[in-house]
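Everything on this sheet refers to the single structure shown next.
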Amino acid sequence: MDAEPAAFVPPAPRPRSSPPSFLEMLRTVYRNPIALWGEPSYNQPYVHITSGIGAPMVVANDPALIRYILVENAKNYRMAKVRQLILRPILRDGLLTAEDEIWKRGRKAMAPVFTPRHIRGFAQPMKSVTESYVEAYESLADTGEPLDLAHEMTQLTYAILAETLFSNEIAGAPEEFGERVDRLLHTMGRVDPLDLLAAPEFIPRLTRIRGRKTLRYFRAIVRETMHMRQAKLEQGADCPEDFLTLLLRAMGPGALSEKEVEDNIITFIGAGHETTARALAWTLYCLSQAPAERARVEEEADRITAEVSDPYDWLDAMPVTRAAFEEAMRLYPPAPSINRESIEADEWRDLKMAAGTTILVMPWTLHRHKLYWDQPEAFRPSRFMPENRDKIDRYQYLPFGAGPRTCIGASFAMQEAVIALGVLLSRYRFDLAEGAPHPFPVQKLTLQPENGIRMNVTRR
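Reading the sequence shown from the start, the letters are residues 276 to 735 in the working numbering.
As structure tokens, this is what we get:
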């Protein structure tokens with residue numbers, strides 16, 4: 276019997292063998308924060324760092340410690356200030372950045388859209404949008420011209436979001452959207468060295484100044500989108516009962532303000548689909564480098580898309596496809612860090628945390644941790660097959676976070692991803708273009724493939 280081929284090990288920064296110098300740390304945090312971490316972050320339950328610069332830090336990898344921080348004592352751990360400095364200029368009081376009562380109001384207002392009944396209703400539109408979008412790949416299959424898969428998945432997930440949550444009534448030109456998202460993340464979606472030095476906020480951050488024009492573009496689109504729908508509601512015209520209408524109806528005294536509605540819409544338009552887009556691109560790349568795994572996914576996609584008419588049922592009927600997607604999110608978590616800050620001093624077992632300690636719950640290191648994963652650097656979707664899932668602790672795998680601030684759109688994203696992969700892989704095969712570099716992960720607001728992913732498309 277032939278031996279099983281060795282599992283594919285995708286590109287990633289190597290753990291540091293020694294701590295960086297101060298200047299090297301600033302440079303690395305700006306360019307690619309996931310390249311900062313050394314071996315202890317990948318093989319110790321936690322790492323306590325007191326560098327003398329800024330607040331003390333704890334890299335939390337132990338699932339029990341993570342549960343304590345994010346669930347059991349979550350009220351003592353707010354979003355870290357450095358994370359707020361990055362996200363608030365973009366999202367303001369959107370659900371991702373809001374705290375306390377503002378967060379509670381937003382979460383309550385949006386929850387009805389993400390009930391199982393609504394998620395089921397999104398399945399057919401997700402399939403239809405994907406089928407329409409990939410018609411353009413026919414000409415690429417004929418010419419052999421490569422595409423940037425990262426950009427393509429951004430455009431696809433935006434099209435799905437526009438149809439399902441906004442009934443295709445978003446102002447602006449969709450074809451500009453992917454480029455603008457990339458520009459916004461490149462300029463504003465990263466740590467500025469001044470943030471690490473705790474410089475006063477009135478000192479301009481050059482990294483964010485360059486993104487202000489793009490941010491103004493997004494906010495103008497959101498305001499126009501709101502005004503168009505609000506006008507229809509005031510005129511008594513027929514309006515879809517979608518995410519946009521739900522938020523607008525939620526405005527009022529004691530509920531959402533107009534500003535909060537705007538912030539939440541820009542959160543979902545600007546960031547809500549981006550994480551799924553990146554995860555889809557990384558999945559297709561990993562499968563292109565693992566022929567045996569890809570063959571399993573293709574066989575399942577061919578069979579289920581032909582036999583199961585309701586795409587809502589694909590999620591349960593396609594465990595191999597789902598496992599490949601989840602494994603890609605393990606290796607390349609769309610949100611590679613979850614940053615918290617202790618409000619009061621706290622203790623967990625033998626770990627003492629002073630007030631103001633920055634807690635880094637990092638899916639990037641956690642998902643590659645040698646204590647919790649076998650062959651942590653290898654692409655092995657079988658670990659997420661149903662018969663193996665019980666071996667994975669709930670707080671060992673965090674693609675959507677955990678606790679009260681778990682991603683509200685997690686079910687939406689999982690359904691969207693499996694349906695999109697089913698359509699894509701039952702029709703086309705994606706391979707790295709000749710001479711194209713293997714994509715290297717870079718942490719910005721999400722985990723980006725540096726310089727995109729150049730791939731060829733062929734018909735199956």
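All C-beta atoms in this analysis are idealised placements derived from N, C-alpha and C, irrespective of residue type, glycine included.
{"Check": "I'd like the list of long-range same chain contacts for Ala708, defined as Cβ closer than 7 Å, with 5 residues on each side in sequence excluded.", "Outcome": "Pro421, Arg729, Met730 and Asn731"}
{"Check": "Identify every run of the beta strand (DSSP E) within the stretch 533 to 599, keeping only runs that are complete inside it and at least 3 residues long; order them along the chain.", "Outcome": "none"}
{"Check": "Which residue marks the beginning of the alpha helix (DSSP H) containing Phe687, and which one marks its end?", "Outcome": "Ala685 to Arg702"}
{"Check": "Please confirm whether Glu619 and Asn318 have their CB atoms less than 8 Å apart.", "Outcome": "no"}
{"Check": "How is the beta strand (DSSP E) around Met354 delimited, first residue to last?", "Outcome": "Tyr352 to Met354"}
{"Check": "Could you check the C-alpha separation between Thr325 and Leu471 for me, to the nearest Å?", "Outcome": "14 Å"}
{"Check": "At what residues does the alpha helix (DSSP H) containing Pro315 begin and finish?", "Outcome": "Pro315 to Asn318"}
{"Check": "Could you please give me the residues that DSSP links to Ile634 through a beta bridge?", "Outcome": "Val333 and Arg615"}
{"Check": "Less than 6 Å between C-beta atoms, sequence neighbours within five positions excluded: which residues of the same chain meet that for Leu673?", "Outcome": "Pro638"}
{"Check": "Would you mind working out which of Pro609, Cys682 and Ala437 sits nearest His642, comparing C-alpha positions?", "Outcome": "Pro609"}
{"Check": "Is the stretch 687 to 706 in contact with the stretch 288 to 300, if contact means three or more CB pairs nearer than 8 Å?", "Outcome": "no"}
{"Check": "Can you give me the C-alpha to C-alpha distance between Ala398 and Pro449, rounded to a whole angstrom?", "Outcome": "21 Å"}
{"Check": "Taking its Cβ as the centre, do 16 or more other Cβ atoms sit within 10 Å of Ile478, making it buried, or is it exposed?", "Outcome": "exposed"}
{"Check": "What is the C-beta distance between Ile309 and Pro611, in whole angstroms, given that I count them as a contact (C-beta under 8 Å)?", "Outcome": "6 Å"}
{"Check": "At the level of alpha carbons, what is the spacing between Gly369 and Arg342?", "Outcome": "24 Å"}
{"Check": "DSSP on Leu722, reduced to helix/strand/coil?", "Outcome": "strand"}
{"Check": "Rank Ile361, Ala384 and Ala416 by C-alpha distance to the C-alpha of Leu735 and give the top, closest one.", "Outcome": "Note on residue identity: the sequence assigns Arg, not Leu, to residue 735. Answer by Cα proximity: Ala416."}
{"Check": "Please name the residue in Val693, Thr405 and Pro679 whose C-alpha comes closest to that of Glu374.", "Outcome": "Pro679"}
{"Check": "Alpha carbon to alpha carbon, how far is Ala677 from Ser617? Give it in angstroms, no decimals.", "Outcome": "17 Å"}
{"Check": "Since Pro338 and Asp668 are thought to touch, with beta carbons under 8 Å apart, how far apart are those beta carbons, to the nearest angstrom?", "Outcome": "4 Å"}
{"Check": "Going by DSSP in three states, Asn443 sits in which element: helix, strand or coil?", "Outcome": "coil"}
{"Check": "My output table needs one value for Met730: the three-state DSSP class, helix, strand or coil.", "Outcome": "strand"}
{"Check": "What does the alpha-carbon distance come out to for the pair Thr439 and Asn663?", "Outcome": "33 Å"}
{"Check": "Below 6 Å CB to CB, which residues in the same chain sit around Pro400 once its five sequence neighbours on both sides are set aside?", "Outcome": "Glu438 and Thr439"}
{"Check": "Any idea what DSSP makes of Ile478, helix, strand or coil?", "Outcome": "coil"}
{"Check": "Can at least three beta-carbon pairs, one atom from the stretch 655 to 662 and one from the stretch 383 to 392, be found at a separation below 8 Å?", "Outcome": "no"}
{"Check": "Tell me the rounded alpha-carbon separation between Trp623 and Val572.", "Outcome": "43 Å"}
{"Check": "Could you tell me the alpha carbon to alpha carbon distance between Tyr587 and Ser403, rounded to whole angstroms?", "Outcome": "12 Å"}
{"Check": "For Met276, is the classification buried or exposed, using 16 other Cβ atoms within 10 angstroms of its Cβ as the cut-off for buried?", "Outcome": "Note that Met276 has pLDDT 47, beneath the 50 cutoff, so the model's placement of it is unreliable and the number below is only indicative. With fewer than 16 Cβ atoms within 10 Å of its Cβ, Met276 is classed as exposed."}
{"Check": "From Glu476 to Ile361, what distance separates their C-alpha atoms?", "Outcome": "11 Å"}
{"Check": "Along the alpha helix (DSSP H) that carries Ser666, what are the first and last residues, could you check?", "Outcome": "Checking the displayed sequence, the identity of residue 666 turns out to be Lys instead of Ser. Counting along the chain, Lys666 falls outside any alpha helix (DSSP H), and DSSP gives it neither H nor E."}
{"Check": "If you measure between the beta carbons of Glu334 and Leu635, is that distance less than 8 Å?", "Outcome": "Checking the sequence shown, residue 334 turns out to be Val, not Glu. In this structure, Leu635 lies closer than 8 Å to Val334 by Cβ."}
{"Check": "State the Cα-Cα distance for the pair Val409 and Leu699, rounded to the nearest angstrom.", "Outcome": "7 Å"}
{"Check": "So what does DSSP say about Asp621, is it helix, strand or coil?", "Outcome": "strand"}
{"Check": "Look at the alpha carbon of Arg592 and the alpha carbon of Leu559, and state the distance between them as a whole number of angstroms.", "Outcome": "A quick correction: the sequence has Ala, not Arg, at residue 592. Taking the straight line joining both Cα atoms gives about 20 Å."}
{"Check": "Check whether the stretch 569 to 584 touches the stretch 526 to 538, counting contact only when three or more Cβ pairs, one atom from each stretch, lie closer than 8 Å.", "Outcome": "no"}
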